[in-house]
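Let me begin by presenting the structure, written as structure tokens, before commenting on it.
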Amino acid sequence: MKLAAVLATRGTHVATIAASAPIAEAVAELAARNIGALVVLDGAGAVAGIISERDIIRALAAGGPVLDLPVADVMTRDVICGTLDDDLETVLAVMTSGHFRHLPVVDNGLLVGLVTTGDLAQALLQSLAGRVETLEFRLEAEIEQFGVGR
Numbered sequence: 001m002k003l004a005a006v007l008a009t010r011g012t013h014v015a016t017i018a019a020s021a022p023i024a025e026a027v028a029e030l031a032a033r034n035i036g037a038l039v040v041l042d043g044a045g046a047v048a049g050i051i052s053e054r055d056i057i058r059a060l061a062a063g064g065p066v067l068d069l070p071v072a073d074v075m076t077r078d079v080i081c082g083t084l085d086d087d088l089e090t091v092l093a094v095m096t097s098g099h100f101r102h103l104p105v106v107d108n109g110l111l112v113g114l115v116t117t118g119d120l121a122q123a124l125l126q127s128l129a130g131r132v133e134t135l136e137f138r139l140e141a142e143i144e145q146f147g148v149g150r
């Protein structure tokens, strides 16, 4: 299954924020939307970074006034992005090994969606359930055809 299929189910709306916005604005957006991360866009609409709850917690733990800092000072800059053609299982493995829960999805360098490990796990479970159902159907057909078990 490809990320395009996951986004077709999940939707393509992504909460974003400007790199120059204060951390207080990011905190308010995260709380209002009940989400864990915002994608940070540059002026051209390309992914410049991502700011997550974990980034904000690390900044708070370091001490000092955090809420007035710009998002750019706290965000994760080297963001791994997926593409619509990326394979679900591969992306989930990369996210798991990299210990991150949010993956921006880009097409021609522009943001087209965001997936979470939860989205991918749910899609994988649905895919596996479909495979099991297909195998059960084929097995039943072969049992009927060859009279196995009679």
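If you read the sequence shown in UniProt numbering, its first letter stands for residue 1, the second for the next number, and so on. Where a beta carbon is used, it is the ideal one built from N, C-alpha and C, also for glycine. Treat the numbers as computed from the prediction; the structure is a model and nothing was measured.
Check: Where H102 falls, given that 16 or more other Cβ within 10 Å makes a residue buried; Outcome: buried
Check: Residue 155 to V132 span [Cα, whole Å]; Outcome: Not covered by the structure: residue 155. The range shown for the chain is 1 to 150.
Check: Distance CB(V74)-CB(L120) smaller than 8 Å; Outcome: no
Check: Distance, G11 Cα to A62 Cα; Outcome: 36 Å
Check: Opening and closing residue of the alpha helix (DSSP H) in which G98 lies; Outcome: L88 to G98
Check: 7 Å CB neighbourhood of L87 in its chain, flanking five on each side removed; Outcome: Rather than Leu, the amino acid found at residue 87 in this sequence is Asp. Result list for D87: K2, in chain order.
Check: Start-to-end residues for the alpha helix (DSSP H) that takes in V115; Outcome: It is not in any alpha helix (DSSP H) - V115 instead sits in the beta strand (DSSP E) that spans L110 to T116.
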